[in-house]
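Residue numbers (my numbering): 1265 to 1404.
By construction, the Cβ of each residue, glycine as well, lies at the ideal position given by its N, Cα and C atoms.
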């Protein structure tokens, strides 16, 4: 009788830990959204989503002391403000595609993850041939 209680207790603890881990990982249920859909649809407010856009280099503000990064992303028709706390990606340059995951609130995207797509993956190794217009087409 005592062994059954221990086994049931252990199963309950394992199940509870599994549920906590699954629900604490927002990217497990991430939805990919285009910038225009993000800004136009109320359904995405306060939802955890993934989106991408071109980086506007002149908008980048980096506070190394507090590891806070703010910047703008744009596509053909929309521009959004992004706030992020964490390490600044290495190749943060004008026109690079940035992928962000987080929540859209009060016309600001609060990113939990920020990644850049390396232009050399699309253009070959020669950065002199890098074509920003081609990247813009990828976002459509």
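Proximity winner among the options, relative to residue i (alpha-carbon distances)
i	options	result
residue 1405	1365, 1271, 1269	Examination of residue 1405 is not possible in this model, given that the chain is present from 1265 through 1404 alone.
residue 1381	1317, 1300, 1284	1317
residue 1376	1351, 1370, 1358	1351
residue 1312	1373, 1300, 1305, 1367	1367
residue 1353	1280, 1296, 1324, 1282	1324
residue 1349	1303, 1328, 1300, 1306	1328
residue 1335	1322, 1341, 1273	1322
residue 1361	1282, 1274, 1298, 1371	1298
residue 1294	1300, 1308, 1281, 1341	1308
For residue i: DSSP bridge partner residues
i	result
residue 1303	None; residue 1303 has no bridge partner.
residue 1375	1348, 1366
residue 1337	1319, 1344
residue 1295	1313
residue 1325	1334
residue 1361	1318, 1381
Beta-carbon separation (whole angstroms), residue i vs residue j, contact threshold 8 Å
i	j	result
residue 1379	residue 1363	5 Å
residue 1333	residue 1326	5 Å
residue 1310	residue 1369	6 Å
Cβ neighbour criterion (16 or more within 10 Å) applied to residue i
i	result
residue 1339	buried
residue 1279	exposed
residue 1284	exposed
residue 1276	exposed
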